[in-house]
C-alpha cells in the first residue's frame, strides 16, 4: 500500500513540475523498466518489421514499405509531429544467387558459400575464373610482387582476433580486408577478391557488408566466404594451386528517393535544445536486419512512445530518428546533419543504438566540438547513479555512424553498448533474424535508452 | 614490440614476487581474458559433460560418471591435490514418463505436458483422477474452505512477475508455489498438486525443481505444467469443471554414496587462508544441466586450470569444489561446511557460480559472521577498479546455496551474477542444454572468476 502511494505521488510530481526530484526520477525509471519488461513493445514492433516486411536494403521496395510503416506507427503515438526527410540513396542489388566454385588440382570442384560484398560490381553473366592467392593482410599484399597478383583472385583470410575484449574491437581489427582490401587488390591487377567473413562464429553463413570503390576502380567483384568455406579454401591451397570460378550479377542502379523517418515532441522549457535518439532503418538484404539495426530503431521508437504514454512533458525537444542508408552510403545521417547545421540546431545529446538488441552494459560517450568530456561526465555522474541498479554506466568513447555529422552542433554523442558476445555471430548474415533476438534483452535496451533520455532531459549535461 | 616486452616483464614479476604491483596485475588479468576467449576451455569441458555424460541427478549413474570424469580431468592440471569427499545423497527417480490428461466438461480430453517435481512421490500405477481447483497463491489457498480443497487437485497458477528487474527476483516471488505449495495443499486434504512452471518463457517445456515434503505428509504427487498448458488448463477452468488424470511412478529410493570433487593448490604465504570457488555438480534429470550448473562447475575448474597454466603460485590456498546434491538436498554443501567447521578452516572468500553461463555483470557480496561488508567493500574497491574494463563490479548481497554453511568461518561469501535475461527460459527444463550456452559468454564468466580469485589472493579482503 505504502509503495503504491509513493509511486502515484511520484507520477503526480512528474507532471506538475518541470524538473523532478531524484527520488521521483528513480521511481519513474523503475516504472519505465517495469513497463518495458511486461509490455515488450519493441519486440512486438520488431516482429512486424522482420516477419511482415523483412530486410530493408536502401532503395529496395521493402525499405519503402518499412518507412511507410514506421511513420504510420509513430503517427499513433500522439507526438507533436512526425515527418519524412527526403534523401537520395544508392540502390545496389545483389541479383542472382552468387556462384563460387573451388577447382582444386586434379579438377575436384566444390561449391563455396558466399555473398557478394555490398556496392561491389558483378562478374558479368559468364563469370570469371582465376587462380587464388591467399594473404592475411593488406600489408602482406603490398609486399608481394605484381606478378603474383595480376590476373589473380586475392583471398583475404585473416580471422577476427577473438582475444580482444570487445568483439567490436575484433571486428575493427579485421574489417580493412572487406572495406579497402578489394580496391587495394584491384590496384595491383587482381580480377576479384574473396574474404573470410567477418564473423565470431565458425559456420556456413557468409557475412556481407560494404566495400569501398573509387572513381578509377569500380570493376572488382568481391565476395565474403563463410568462415567454414574460408577454412576449406585455405586448407586446399596448402596442397597446391586452386582456381575459383565466380559468378555474380550484382549491380549499382540509379539513386532512389528515400527518407529518414523523424518523430518529435517539442520541449516545454528549452524547445531549441534537442535530444536525439536513433538507429538506422536500412539493413542488408540477407537475414532480417533484426539486430542490425531493427533493434536500435525499435528502441528509439519506444523511447518516445513510452514517455508519451506516461504523459511525460519533456523540458527539451525529443526526437526519434530512423536514418536510412547507414550500411552502404550513410546518406541519411549525412543529409540529417547537413540540415541540422544549416538550421543552426543544437543537440544536447545525440544518442544512437546500433550495436544490437542485447542487454545493455553501458553508454559510450564523447562530446561535441565545444565541450569537455571530463566536465560533462563529472556533472552527469550526479544523476547517473540512478541507473546503477540497472547495471548501466557512462563510459568514455562512443557515438554512432549516423550521428557523427552532428559533432559541431552537439553537446554529447552517445552510443549504447550492449553485451557484444553474440553480435558478430549474426551481423550482416542470414542469421540476423528475430529468432536470435531475446525479448527481454531487447526490452532492457529500450528501458535503458528511455531512462537516459529522461535523465538528460531533466538535468541536462552541464551545471 | 613494446607491448610484448611489457607482458613478458609482467609475467616475470608475477612469478618472482609474492605480491605483484597493480600494473602487473592488470596485464595478468588481460592475459587471462585473452586466453579464456581464445581457448574456450570451459566450453570444451562442458561439451564433454553435457554430450558425453548428460544430466546428473544426485544418486544417478550419470552423476557417478561425471564425478569420475571431473576428478580425472582435474588430476591432469598439476594441482597439489585432488580428492573426493564422500556424501550420502538422496536418490530420487522420475520413473516412467508422466501422464497428465485434462478432462473438460463433455468429456473432451487433452494431454498436458508435465514433469513431476523433484522428491515428490508417484501416484501409483493406476494414477489418480480428481477435480481441479485453481489458486494464485498460498494465501488464497488458506482462505478457501476445506470442502473446496478436500479430494481435489490444487493448481497453483501465479506467473513469475516479469516486471521485476532481475529474473531471480521474479523466480523468488513465485517459487513458494513449488517449494511449499504441495505440502500446504496436502495439509488441507488435496490429493495432488500441479503448478504453472516457474519460467520466463511461454512455451511447451515444463520446468521441474524440488518440492519440500514433511515427515507427516509425503503422499502428495506434484507436477509442473508447461506455461502453455497451464494457460490451457486455466482457460478451460473458466468454462466449467475440469478433472485431471495424473499418473507418475517417481519415487525416493535409498540414499546413495556420492562425492564432492575437490581440487587444491596450497598457498605459499598464507596456506591456512582458503579461497574457494565452486558450483554444484548435480543437475536435474531433464535437459543436460548445461547452465544449471555445468557452467559454474566448468568455470570453477577453469580458475585453477588457468592459474596453474600461467605458473601462478598463489599466496593463499585455492580450492575448486564441485558440490553434489544442491538441487534436491544440499547434502554436498552441508557436508563440506560441517567438515570445514570441524577442522577450523578459514575462508578468505567462498565464491559460487550458480546463475548460468551468461556474460557476468557483477559479483554479489556478503560477509561472514565476523566481518563488516562496508569495511570489506571499501578495502576491495582499491583493487577492484582493475576489473572496470571488463564491466564487472562488486555489488551488495549475494553468495550461493552450497557455500552458505561456511558463513561462520568465511570472510566473504560471493555469488557471480551473470546477465539473467535468459536463465529462467531454460532452468530445470529440457532446454537447459549446451546449444543454449554461448561459448564466449561462458568464457567471460571463467575469466571474471579467475580474475577475482587472483585479485583476492594477491591483495586479500582487508588492510
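Chains as they are written, first to last, in my numbering: chain C, 410 to 872; chain D, 410 to 872. For glycine and all other residues, C-beta sits at the position ideal for the given N, C-alpha and C. From a predicted model like this one, the values you see are computed outputs, not experimental measurements.
If we count the other Cβ atoms within 10 Å of its Cβ and call it buried at 16 or more, is residue i buried or exposed?
{"i": "residue 666 (chain D)", "result": "exposed"}
{"i": "residue 492 (chain C)", "result": "exposed"}
{"i": "residue 711 (chain C)", "result": "buried"}
{"i": "residue 411 (chain C)", "result": "The predicted model places residue 411 (chain C) with a pLDDT of 38, which falls under 50 and marks its position as unreliable; any figure quoted below should be read in that light. With fewer than 16 other Cβ atoms within 10 Å, it is exposed."}
{"i": "residue 790 (chain C)", "result": "exposed"}
{"i": "residue 827 (chain C)", "result": "buried"}
{"i": "residue 415 (chain C)", "result": "Summary for residue 415 (chain C): the model assigns pLDDT 39, below 50, so the residue's position carries little reliability, and this model does not support an answer."}
{"i": "residue 517 (chain C)", "result": "exposed"}
{"i": "residue 854 (chain C)", "result": "buried"}
{"i": "residue 784 (chain C)", "result": "exposed"}
{"i": "residue 573 (chain C)", "result": "buried"}
{"i": "residue 549 (chain C)", "result": "exposed"}
{"i": "residue 625 (chain C)", "result": "exposed"}
{"i": "residue 859 (chain C)", "result": "buried"}
{"i": "residue 829 (chain D)", "result": "buried"}
{"i": "residue 656 (chain C)", "result": "buried"}
{"i": "residue 867 (chain C)", "result": "buried"}
{"i": "residue 623 (chain C)", "result": "exposed"}
{"i": "residue 429 (chain C)", "result": "buried"}
{"i": "residue 872 (chain C)", "result": "exposed"}
{"i": "residue 586 (chain C)", "result": "buried"}
{"i": "residue 444 (chain C)", "result": "buried"}
{"i": "residue 464 (chain D)", "result": "buried"}
Quickly, what does DSSP pair residue i with across the bridge? List them, please.
{"i": "residue 880 (chain C)", "result": "No answer is possible for residue 880 (chain C): the residues shown for chain C start at 410 and end at 872."}
{"i": "residue 492 (chain D)", "result": "D:671"}
{"i": "residue 661 (chain C)", "result": "C:501"}
{"i": "residue 580 (chain C)", "result": "None; residue 580 (chain C) has no bridge partner."}
{"i": "residue 538 (chain C)", "result": "C:654"}
{"i": "residue 689 (chain D)", "result": "D:732"}
{"i": "residue 511 (chain C)", "result": "C:519, C:653"}
{"i": "residue 527 (chain C)", "result": "C:619"}
{"i": "residue 354 (chain C)", "result": "With chain C running from 410 to 872 in the structure shown, residue 354 (chain C) is simply not present."}
{"i": "residue 602 (chain D)", "result": "D:563, D:631"}
{"i": "residue 543 (chain D)", "result": "D:564"}
{"i": "residue 666 (chain C)", "result": "C:497"}
Could you work out which residues of chain D lie near residue i, taking near to mean beta carbons separated by less than 8 Å?
{"i": "residue 853 (chain C)", "result": "830"}
{"i": "residue 805 (chain C)", "result": "Per Cβ cutoff of 8 Å: no residues; residue 805 (chain C) is ~11 Å from chain D at best."}
Check the Cβ of residue i against every Cβ in chain C and list those closer than 9 Å, keeping chain order.
{"i": "residue 714 (chain D)", "result": "Near residue 714 (chain D) there are no residues of chain C at all, since even the closest Cβ is about 17 Å away, more than 9 Å."}
{"i": "residue 850 (chain D)", "result": "828, 830, 831"}
Residue i touches chain D at which residues, Cβ-Cβ below 9 Å?
{"i": "residue 847 (chain C)", "result": "830, 831, 834"}
Closer than 7 Å to a non-hydrogen atom of the ligand SAM - does that hold for the CB of residue i?
{"i": "residue 783 (chain C)", "result": "As for the ligand SAM, it is missing from this structure, which has no ligand bound."}
Counting only Cβ pairs nearer than 8 Å, list the residues of chain C close to residue i.
{"i": "residue 771 (chain D)", "result": "800"}
{"i": "residue 609 (chain D)", "result": "849"}
Taking Cβ-Cβ distances shorter than 7 Å, what residues in chain C pair up with residue i?
{"i": "residue 572 (chain D)", "result": "443, 446, 447"}
Listing by chain order, which chain D residues have their CB less than 7 Å from the CB of residue i?
{"i": "residue 768 (chain C)", "result": "828, 830"}
### Query
Within the chosen definition, does the segment 582-602 of chain D reach the segment 484-491 of chain D through at least 3 CB pairs nearer than 8 Å?
no
### Message
To test your reading of the DSSP string, which unbroken beta strand (DSSP E) runs of 3 or more residues are found completely within the segment 791-831 of chain C?
### Response
802-805, 819-827
### Query
Counting pairs of beta carbons, one from the segment 801-821 of chain C and one from the segment 430-449 of chain C, are three or more of them closer than 8 Å?
no
### Query
Touch check for the segment 616-634 of chain D and the segment 514-526 of chain D: three-plus C-beta pairs under 8 Å?
yes
### Task
Check whether the segment 643-653 of chain D touches the segment 769-778 of chain D, counting contact only when three or more Cβ pairs, one atom from each stretch, lie closer than 8 Å.
no
#### Entry: Sequence ranges, beta strand (DSSP E) only - wholly within the segment 733-788 of chain C, length at least 3
755-761, 769-776
### Message
Below 8 Å, how does it come out for the segment 463-475 of chain D and the segment 613-626 of chain D: are there three or more Cβ pairs, yes or no?
### Response
no
### Message
Three Cβ pairs or more, each shorter than 8 Å: is that satisfied between the segment 728-738 of chain D and the segment 687-696 of chain D?
### Response
yes
### Task
Tell me, please, whether the segment 500-518 of chain C touches the segment 751-768 of chain C by the rule of three or more beta-carbon pairs shorter than 8 Å.
no
### Query
Between the segment 792-802 of chain D and the segment 838-852 of chain D, are three or more C-beta pairs nearer than 8 Å?
no
#### Entry: Contact the segment 724-731 of chain D vs the segment 679-686 of chain D: 3+ CB pairs below 8 Å
yes
### Query
Counting Cβ pairs, one atom from each stretch, are 3 or more of them under 8 Å apart for the segment 553-566 of chain C and the segment 577-595 of chain C?
yes
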